[in-house]
Amino acid sequence: MAAAQVISAIIVIGALIWIAVNVLEAAKLRGLSLGFDFINDPAGFPISESVIPYDDSYTFGTAFLVGLLNTLKVSIVGILLATILGTIVGLARLSTNWLVNKIALAYIELHRNVPLLVLLFIWYFAIFNKLPPAKGSLELPGPIYLNQRGLYLSWPRLTETGGVFAISLLVGLIVAIIVWIYLRRLRERSGRSTYFAGVSFAVMLVSAVLGLALSAWQPLWIDIPVFEGFNFTGGLRLTPEFGALLVGLVMYTAAFIAEVVRAGIQAVNLGQMEAAKAVGLKPMQTLGLVIIPQAMRVIIPPLISQTLNLTKNSSLALAIGYADLFNVGRIMINQAGRAVPVFSMVMVTYLVLSLITSLILNIYNRKIQISERSS
Amino acid sequence: MRKFSLPLASLIILAMLLSACGTPSGGEIVEVEVTRIVEVEVTTEGDIQVVNAPGYGEILARVQERGRVVCAGRTDLLGFGYLDDDGRNIGFDIDLCRAVAAAVLGDPEAIEIVPVTAAERGPVIQTGEVDLLSRNVTWTSSRDSQWGNFTITMFYDGQGYMVRADSGIKSQDDMDGASVCVTSGTTTEKNLAADFRERGLDFEAVIFEDTSSVYNAFFEGRCDVTTSDRSQLAAIQAGADNPADYMILPMIISKEPLTPVVPHGDDQWFDIVKLVMYALINAENPAYGPITQATVDDVLASDNIKGKTVLGVEGDWGYSSLGLDADALANALRAVGNYGEVYNRYMGPAGIAFTLPRGLNEHWTDGGLIYAPPIK
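Sequences listed follow chains E and S, in order.
Converting from the first sequence to the working numbering requires adding 148 to each position, the first position being numbered 1.
Take the second sequence: its letter number 293 is residue 286 in the working numbering, and every next letter is one higher.
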């Protein structure tokens, strides 16, 4: 047996080395440069949106980072929203209300059976691009402006003294969480009511009031978008490219997550629900205390692959002009003339992103698995 | 792209291999390891199956063997590379490919056009996957050093801006804060960024890889301005629902010498493609006839020595050392006509695509820049 293991290991490693050598040799023969020295050269090309300062005088390395941050932005927001929407649709799919059930079914079937790229094109070119022009934007209370150039929100921003407020709020939140955990454990041990929710809320309230007082009651100012020349300036802006990609990815992934959630809940033995009813739990308690904790064990593993899919699918941004990692990478290949180094950078980055995502969710998965009572 | 799949798949596994060796501070160790193995493999295994950077004479040999010239071109730009009503790929750039096919194979239809996006142009010629890149490529020094050999400029262009006629924009100074649609992977996007930065103006770049998406977004109103080579803007304006709604601004912000490119490494093929281009240009010169598609036989029957030299009946213009037939250039001219005919076919006063004054692209005897060394 051991000999077989060694032989198969040698075959696998040998094949990998052969492939690596082949790639390097091919690149050399074809005259493709393999160095990474271009990273510090000025990129020279504009990028449509960036969470860090960037213009064409910044380096290729910075441009790559801009792409990476844009990918993270859409992936993190996307994963959160897709999980929430997916859970809601998944529950709706189990509803005994005929209409709700069928709407959820139609939604899931539509999104699971149409390619994501097609959905993205529809969202971008047929919906976001057909919004009113900047001069005739839709105005919603807030004010919020919606037009072809994006969604502009009035957005609270910290004043000069606002930092104190933010820190105080953060400290309050941490203390509140600690108090919550401690008091809850105390209740479980002693069996007495410890009012953990109330106490934690009070801690938050005190810290908020304290922060307000310290920042001279002026922690925030509202940044209101104003129309100037061609576009709105100020406020928080979501570009239509980001919006279309986010909506497309969330809707698409949520359809799959909904099925995962439905399968997870249906996997819980019917007897569990009957037992919960028998001991007198209310419907919400049955769901929250009995069904969901058990369903989570089934849901989490497939959920991990859905979140990974969302991150990887975000590379379709290329088609609708969102400056994600892959899009910026493609431009870099062209402007720097380095296909092999840039492709390697892009692939390693996606790999690391995926590994980190699955690591986090695997840790969570281990926590929610049923732990046998030790005593 | 599909031809990349093998090296790509290998790269994925390479990346996994590298990351699997992720010991602390192990990045450099891994690279050294790989480099060492390269040396071993090269000495022991000489015949690795990859497309080599072509050596002298290899491209002509492979073209003759396969019976087709493979050109990277496009199918989506009116005038330069597009599809006619019958789905045939035509245009200024495509005719250059046809001329080369007619010269080396005797058949202008012996071509295969591989449509590539702007961002794919570099890799496709760098790797020698195609024989000729004829897809309005701007000749720059860095591309010349990295991509391949730039033959001769067949179209002198410059970058301009197109706006809506009712937008009130007259120059860049009116564009502060505007949204600008542009194609990625082009000299255009770099010129745009530099132009605005030098003027201290803000702008929002809306960037797509696919040219049709760029103009789609512009026409929908996503952008106030779009920028590209002026010839391309003229083509796009001509194709708009109502061309009068749009306006190409008069200023030119860059030099864009559009030039066909051949892979690095094969001087013979480089010379052949250049010679075909020279022949198209010289044939327009009255001193050569001029030779047009229709007058090839007239010139053959005439006593115009210059014209007859081009057509291969008055001494060797270089064909024997390049491995071509004596009538190679005659075939090219029969297939597509001279430079002026190619231009006018698509962009002349009665052009089938649109009308664009020749300007810098007039023959040098008419005051333009289109000039070629003599064929003799």
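Positions of the beta carbon are idealized from the N, C-alpha and C atoms, including for glycine.
Predicted, not measured: the structure shown is a model, and the values here were computed from it.
Rounded to whole angstroms, what is the Cα-Cα separation between residue i and residue j?
{"i": "L233 (chain E)", "j": "D222 (chain S)", "result": "45 angstroms"}
{"i": "A325 (chain S)", "j": "L242 (chain S)", "result": "37 angstroms"}
{"i": "I267 (chain E)", "j": "V107 (chain S)", "result": "Correcting the residue identity first, residue 267 (chain E) is Leu in this sequence and not Ile. In a straight line, the C-alpha of L267 (chain E) is about 27 angstroms away from that of V107 (chain S)."}
{"i": "P47 (chain S)", "j": "G258 (chain S)", "result": "6 angstroms"}
{"i": "Q286 (chain S)", "j": "D124 (chain S)", "result": "25 angstroms"}
{"i": "Y272 (chain E)", "j": "A403 (chain E)", "result": "19 angstroms"}
{"i": "I246 (chain S)", "j": "L509 (chain E)", "result": "52 angstroms"}
{"i": "S18 (chain S)", "j": "S138 (chain S)", "result": "Only weak support is given to the placement of S18 (chain S): the predicted model assigns it a pLDDT of 40, under 50, and the question is left unresolved by the model."}
{"i": "F349 (chain E)", "j": "P489 (chain E)", "result": "52 angstroms"}
{"i": "A65 (chain S)", "j": "I162 (chain S)", "result": "36 angstroms"}
{"i": "D472 (chain E)", "j": "T505 (chain E)", "result": "18 angstroms"}
{"i": "A150 (chain E)", "j": "A157 (chain E)", "result": "11 angstroms"}
{"i": "L185 (chain S)", "j": "E197 (chain S)", "result": "11 angstroms"}
{"i": "A487 (chain E)", "j": "P116 (chain S)", "result": "7 angstroms"}
{"i": "I159 (chain E)", "j": "W166 (chain E)", "result": "10 angstroms"}
{"i": "G226 (chain E)", "j": "E113 (chain S)", "result": "30 angstroms"}
{"i": "L288 (chain E)", "j": "L279 (chain E)", "result": "14 angstroms"}
{"i": "Q454 (chain E)", "j": "T401 (chain E)", "result": "7 angstroms"}
{"i": "G232 (chain S)", "j": "N209 (chain S)", "result": "11 angstroms"}
{"i": "L370 (chain S)", "j": "R61 (chain S)", "result": "With chain S covering -6 to 369 only, the question about residue 370 (chain S) has no answer from this structure."}
{"i": "S313 (chain S)", "j": "K248 (chain S)", "result": "37 angstroms"}
{"i": "D204 (chain E)", "j": "L294 (chain E)", "result": "29 angstroms"}
{"i": "P101 (chain S)", "j": "Q57 (chain S)", "result": "13 angstroms"}
{"i": "L435 (chain E)", "j": "V409 (chain E)", "result": "13 angstroms"}
{"i": "V323 (chain S)", "j": "S205 (chain S)", "result": "Looking at the sequence itself, residue 323 (chain S) is Ala, so the reference to Val does not match. About 37 angstroms."}
{"i": "I345 (chain S)", "j": "R338 (chain S)", "result": "6 angstroms"}
{"i": "G377 (chain E)", "j": "W132 (chain S)", "result": "36 angstroms"}
Could you name the residues of the same chain whose beta carbon sits closer than 7 angstroms to that of residue i, not counting the 5 residues immediately before and after it, in chain order?
{"i": "V207 (chain S)", "result": "C174, V175, T176, F201, T219"}
{"i": "T302 (chain S)", "result": "G308, W310, I368, K369"}
{"i": "S160 (chain S)", "result": "D217"}
{"i": "E334 (chain S)", "result": "T285, Q286"}
{"i": "K75 (chain S)", "result": "One point to set straight first is that residue 75 (chain S) is Tyr, not Lys, in the sequence displayed. Answer for Y75 (chain S): T68, D69, I83, G84, listed in chain order."}
{"i": "L353 (chain S)", "result": "Y149, G361, L362"}
{"i": "I298 (chain S)", "result": "E307"}
Thinking just about the alpha-carbon of each residue, which of the options is nearest to the one in residue i?
{"i": "Q225 (chain S)", "options": "S:G170, S:G308, S:R128", "result": "S:R128"}
{"i": "W328 (chain E)", "options": "E:R340, E:G311, E:V347, E:S338", "result": "E:V347"}
{"i": "T120 (chain S)", "options": "S:P256, S:A187, S:I298, S:G333", "result": "S:P256"}
{"i": "L229 (chain E)", "options": "E:L164, E:I370, E:L394", "result": "E:L394"}
{"i": "D86 (chain S)", "options": "S:G72, S:G99, S:D77", "result": "S:G72"}
{"i": "P250 (chain S)", "options": "S:G232, S:A187, S:I363, S:K163", "result": "S:I363"}
{"i": "G491 (chain E)", "options": "E:I481, E:L499, E:V500", "result": "The sequence shown places Phe at residue 491 (chain E), rather than the Gly named in the question. The shortest Cα separation from F491 (chain E) among E:I481, E:L499, E:V500 belongs to E:I481."}
{"i": "G469 (chain E)", "options": "S:I118, S:R215, S:A95", "result": "S:R215"}
{"i": "R297 (chain E)", "options": "E:T307, E:P291, E:K283, E:A465", "result": "E:K283"}
{"i": "N475 (chain E)", "options": "E:F390, E:K278, E:A465", "result": "E:A465"}
{"i": "A175 (chain E)", "options": "E:R514, E:G485, E:N295, E:L501", "result": "E:G485"}
{"i": "Q152 (chain S)", "options": "S:I298, S:K183, S:S135", "result": "S:K183"}
{"i": "R190 (chain S)", "options": "E:L172, E:F193, E:L164", "result": "E:F193"}
{"i": "V266 (chain S)", "options": "S:R67, S:A92, S:D78, S:T68", "result": "S:A92"}
{"i": "V88 (chain S)", "options": "S:A227, S:A280, S:N331, S:T180", "result": "The displayed chain sequence assigns Asp, not Val, to residue 88 (chain S). The option with the nearest alpha carbon to D88 (chain S) is S:N331."}
{"i": "Y524 (chain E)", "options": "E:R332, E:L458, E:V351", "result": "Outside the displayed span of chain E (149 to 523) sits residue 524 (chain E), for which this structure offers no information."}
{"i": "G477 (chain E)", "options": "E:I195, E:V171, E:P450", "result": "E:I195"}
{"i": "I229 (chain S)", "options": "S:Y49, S:P350, S:M155", "result": "S:M155"}
{"i": "D167 (chain S)", "options": "S:R192, S:T181, S:A187, S:A237", "result": "S:R192"}
By DSSP's criteria, residue i is part of a beta bridge. Which residues make up the other side?
{"i": "V218 (chain S)", "result": "S:V156, S:V173"}
{"i": "M240 (chain S)", "result": "S:V156"}
{"i": "G344 (chain S)", "result": "In DSSP, G344 (chain S) forms no bridge with anything."}
At a cut-off of 6 angstroms, is residue i close to the ligand FMN when judged by its beta-carbon and the heavy atoms of the ligand?
{"i": "L360 (chain E)", "result": "Absence of the ligand FMN is noted for the structure shown, with no ligands found whatsoever."}
Excluding the 5 residues preceding and the 5 following residue i in the sequence, name in chain order all residues of the same chain whose CB lies nearer than 8 angstroms to its CB.
{"i": "Q153 (chain E)", "result": "none"}
{"i": "L362 (chain E)", "result": "T309, V312, F313, S316"}
{"i": "P342 (chain S)", "result": "T348"}
{"i": "L217 (chain E)", "result": "S198, V199, I200"}
{"i": "S502 (chain E)", "result": "L456, T459, K460"}
{"i": "A171 (chain S)", "result": "I162, F196, E197, C216, D217, V218"}
Please list, in chain order, all residues of the same chain as residue i whose beta carbon is under 6 angstroms from its beta carbon, the five residues on each side excluded.
{"i": "G396 (chain E)", "result": "L267, L268, W271"}
{"i": "V109 (chain S)", "result": "A65, V117"}
{"i": "L10 (chain S)", "result": "A caution first: L10 (chain S) carries a pLDDT of 46, below 50, which makes its placement in the model unreliable, though a value can still be read off. Result list for L10 (chain S): empty, nothing under 6 angstroms."}
{"i": "G300 (chain S)", "result": "Y281, G282, I284, V292"}
(message) Under 8 angstroms: do the stretch 376 to 384 of chain E and the stretch 299 to 313 of chain E share three or more Cβ pairs, one atom per stretch?
(response) yes
(request) Take every Cβ of the stretch 143 to 152 of chain S, pair it with every Cβ of the stretch 260 to 273 of chain S, and state whether three or more of those distances are shorter than 8 angstroms. (result) yes
(request) Would you check if there are 3 or more beta carbon pairs closer than 8 angstroms linking the stretch 355 to 370 of chain E to the stretch 183 to 195 of chain E? (result) no
(message) For the pair the stretch 432 to 448 of chain E and the stretch 244 to 258 of chain E, tell me if three or more CB-CB distances fall below 8 angstroms.
(response) No: the two stretches stay apart, fewer than three of their Cβ pairs being nearer than 8 angstroms.
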